[in-house]
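Chemist: In the working numbering, the protein residues as written are 3 to 430.
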Amino acid sequence: MAELARRIGAGQMTAEEAMRSCLQRIALRESAVGAFVSIDEAAALEAARATDRSVELSGVSGPLHGVPIGVKDIIDTRQFATGWGTSFYQDHQPGRNASCVELFLQAGTIIVGKTVTTEFAYFKPGKTANPHNLAHTPGGSSSGSAAAVADCMLPFAFGSQTAASLIRPAAYCGIPGYKASHGSFDLQGVMGLAPSMDTLGFLAREIEDFELARALLCGSEPAVVDFDETPLRVSLLRGAHWSEGSMEMRDVCQRALAALAEGGAQTGELACPEVFKALTECQKTIMAYEVARARIFEYSHYREQISTAFVDLVESGLKITRAAYEDACSTRDRAMRVLQSLFVDTDIILAPSAPGEAPVGLDATGDPLYSRSWNLLQVPCISIPFGNGPQGLPLSVQMVGPMNSDDSLLAAAKWVHGQFKRQLEVGA
3 MAELARRIGA
13 GQMTAEEAMR
23 SCLQRIALRE
33 SAVGAFVSID
43 EAAALEAARA
53 TDRSVELSGV
63 SGPLHGVPIG
73 VKDIIDTRQF
83 ATGWGTSFYQ
93 DHQPGRNASC
103 VELFLQAGTI
113 IVGKTVTTEF
123 AYFKPGKTAN
133 PHNLAHTPGG
143 SSSGSAAAVA
153 DCMLPFAFGS
163 QTAASLIRPA
173 AYCGIPGYKA
183 SHGSFDLQGV
193 MGLAPSMDTL
203 GFLAREIEDF
213 ELARALLCGS
223 EPAVVDFDET
233 PLRVSLLRGA
243 HWSEGSMEMR
253 DVCQRALAAL
263 AEGGAQTGEL
273 ACPEVFKALT
283 ECQKTIMAYE
293 VARARIFEYS
303 HYREQISTAF
313 VDLVESGLKI
323 TRAAYEDACS
333 TRDRAMRVLQ
343 SLFVDTDIIL
353 APSAPGEAPV
363 GLDATGDPLY
373 SRSWNLLQVP
383 CISIPFGNGP
393 QGLPLSVQMV
403 GPMNSDDSLL
413 AAAKWVHGQF
423 KRQLEVGA
């Protein structure tokens, strides 16, 4: 996205040329990958032409002038209906853009279409397949956004996360994915699921795009760090569920840590704090309790059209007492304090992004196990691809930073991504 914006801004490519390139790729691959709920090719081309004419007349352009983007179908757009992955809302036409969409439009981007989400951004998958192997899941719930970016249909797309909805599809599709610190971005116009964990994020092929997108949404400035002068401190935290993942997951985490040490980082390992062992169940309790209240209208009025998995989630949430919910929140708060103390001796925690390669089959989106606790703790996370597994599908690792350290985490992730690319080039 940033590179494309530079090329368009420098006159090396027009917005129309950039749009036609994306649309040609979509025409070639969309019938197989199924990344989009809706696309308006004519409107996208006309918007690109209008953008080019505007610059010719005034010479004024935004920082993302003419860049095509995708928007996950739980995020409101005036141009496209927003269906939340359901049949009964598929024709719902919002009267306004979500705040994140409006800010991107003002920066000059052009929305190509709405990308597939699972039902209510939960478990029931949409039509999307993994572009690396169409028999495998792309992950969820930001399925279409991850697949579209990974398959070069788009340079950038919005995603979101409440459990593992962004990190896992980024990992399965082999692209970087960034989930911001909770509360970083305004969520007006973004479907709510569990308010204490709902978080906006991005999918792109370069970390620099996340820096630019974050700057647009919250006015931050990218951190500038010389990691040759001040070596990055990275610590592997295997976590309570380390043994439940695949051999390739454990291997990629250890290889990634070794690659960063070779690149000059100070590396080590952290013991899993005792309180962390309760976090997965706490996340499930808090999520179910909050979902049951956030989506009670749909449960009450459209129950026959909702998946069994989502009905079960709401019904389990309605049975959770306020005391049990508050107890889970108290455990989360204790774990937050412990996590803060861990960052005294390390800058970044390295952890699994997913159990391994994307599973075969399109009737599920994979296990959210390795992101539940981090999302519960509200900290920023980035999934970074690193090689392939035995089936030839992408593998990734997850980098976790302290709460509200997003700019520093992005700077570190950019360096890490560069180290990984160099290591893979050397080994090729």
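The beta-carbon is built from N, C-alpha and C at its ideal position, and this holds for glycine as well. As the structure is a computational prediction, the values presented were derived from the model and not from experiment.
Rounded to a whole number of angstroms, what is the C-alpha to C-alpha distance between glycine 68 and arginine 55?
Modeler: 11 Å
Chemist: Can you tell me which of the three DSSP states alanine 100 falls into?
Modeler: coil
Chemist: Name the two residues that bound the continuous alpha helix (DSSP H) containing serine 355.
Modeler: Element bounds for serine 355: n/a, residue is neither H nor E.
Chemist: Determine, using beta carbons only, whether valine 236 and leucine 205 come nearer to each other than 8 Å.
Modeler: Not closer than 8 Å, so no.
Chemist: DSSP state of threonine 53, grouped into three classes?
Modeler: helix
Chemist: Pick out whichever of Pro65, Ala49, Cys154, Phe125 has its Cα sitting closest to the Cα of serine 23.
Modeler: A check of alpha carbon separations from serine 23 across Pro65, Ala49, Cys154, Phe125 identifies Cys154 as the nearest.
Chemist: Counting along the chain, where does the beta strand (DSSP E) carrying arginine 235 start and finish?
Modeler: 235-239
Chemist: Would you list the residues sitting across from glutamine 268 in a DSSP beta bridge?
Modeler: The secondary-structure analysis by DSSP pairs glutamine 268 across a beta bridge with Arg235.
Chemist: By the three-class DSSP mapping on this structure, what secondary structure does isoleucine 385 have?
Modeler: Residue 385 is actually serine in this sequence, not isoleucine. If DSSP states are grouped into helix, strand and coil, serine 385 belongs with the strands.
Chemist: Assuming lysine 74 contacts threonine 117 (C-beta within less than 8 Å), just tell me the rounded distance between them.
Modeler: About 5 Å; that satisfies the 8 Å criterion.
Chemist: In three-state DSSP terms, what is histidine 138?
Modeler: strand
Chemist: Please report the residue range of the alpha helix (DSSP H) in which isoleucine 28 lies.
Modeler: Bounds of the alpha helix (DSSP H) holding isoleucine 28 are 17-35.
Chemist: Would DSSP call proline 396 helix, strand or coil?
Modeler: strand
Chemist: Between the beta-carbon of leucine 262 and the beta-carbon of threonine 348, is there less than 8 Å?
Modeler: no
Chemist: Report the residue from Glu292, Cys331, Trp376, Glu210 whose alpha carbon sits nearest the alpha carbon of valine 316.
Modeler: Glu292
Chemist: For glutamine 307, which residues in the same chain have their Cβ closer than 8 Å to its Cβ, ignoring the five residues on either side in sequence?
Modeler: Thr88, Ser89, Phe90
Chemist: Whole angstroms are fine: how far does the CA of serine 332 sit from the CA of glutamine 380?
Modeler: 14 Å
Chemist: Grouping DSSP H, G and I as helix and E and B as strand, with all else coil, what is isoleucine 350?
Modeler: Three-state result, isoleucine 350: strand.
Chemist: Just list the residues that DSSP pairs lysine 116 with in beta bridges.
Modeler: Ser40, Val73, per the DSSP bridge assignment.
Chemist: In angstroms, rounded to a whole number, what distance separates the CA positions of glutamate 300 and lysine 129?
Modeler: 22 Å
Chemist: How would you label leucine 411, buried or exposed, when you count the other beta carbons within 10 angstroms and need 16 or more for buried?
Modeler: buried
Chemist: Which first and last residues belong to the beta strand (DSSP E) in which glutamine 163 is found?
Modeler: 158-163
Chemist: Out of curiosity, what's the CA-to-CA distance linking phenylalanine 82 and isoleucine 76?
Modeler: 11 Å
Chemist: Which residues mark the beginning and the end of the alpha helix (DSSP H) in which glycine 429 is found?
Modeler: Residues 408-429.
Chemist: Should methionine 401 go down as buried or exposed, given a rule of 16 or more other Cβ atoms within 10 Å for buried?
Modeler: buried
Chemist: Nearest by alpha-carbon distance to glutamine 285: which of Ala366, Asp329, Ala52, Asp78 is it?
Modeler: It is Asp329.
Chemist: In chain order, what residues of the same chain lie with their CB nearer than 8 Å to the CB of arginine 257, ignoring the 5 residues before and after it?
Modeler: Excluding sequence neighbours, arginine 257 sits near Phe388, Gly389.
Chemist: Measuring straight from C-alpha to C-alpha, what distance separates alanine 196 and alanine 326?
Modeler: The straight-line gap from Cα to Cα measures roughly 16 Å.
Chemist: Just the Cα atoms here: how many angstroms apart are threonine 120 and alanine 366?
Modeler: 10 Å
Chemist: In chain order, which alpha helix (DSSP H) runs of at least 4 residues are fully inside the segment 144-225?
Modeler: The segment 144-225 is shown to contain whole alpha helix (DSSP H) runs of 4 or more residues at 145-152, 169-175, 209-220, in chain order.
Chemist: With distances taken between CB atoms, is the gap from alanine 149 to asparagine 135 smaller than 8 Å?
Modeler: In this structure, the beta-carbon distance from alanine 149 to asparagine 135 does not fall below 8 Å.
Chemist: Comparing C-alpha positions only, which one of Gln425, Ser355, Met3, Ala52 sits nearest to arginine 252?
Modeler: Ser355
Chemist: CA-CA distance, alanine 2 and valine 346?
Modeler: In this structure the chain extends from 3 to 430, so residue 2 is not present and cannot be described.
Chemist: How long is the line joining the alpha carbons of phenylalanine 212 and aspartate 409, rounded to whole angstroms?
Modeler: 10 Å
Chemist: How would you label aspartate 78, buried or exposed, when you count the other beta carbons within 10 angstroms and need 16 or more for buried?
Modeler: buried
Chemist: Would you mind giving the Cβ-Cβ distance between leucine 66 and methionine 3, rounded to the nearest angstrom? I have them listed as a contact below 8 Å.
Modeler: 7 Å
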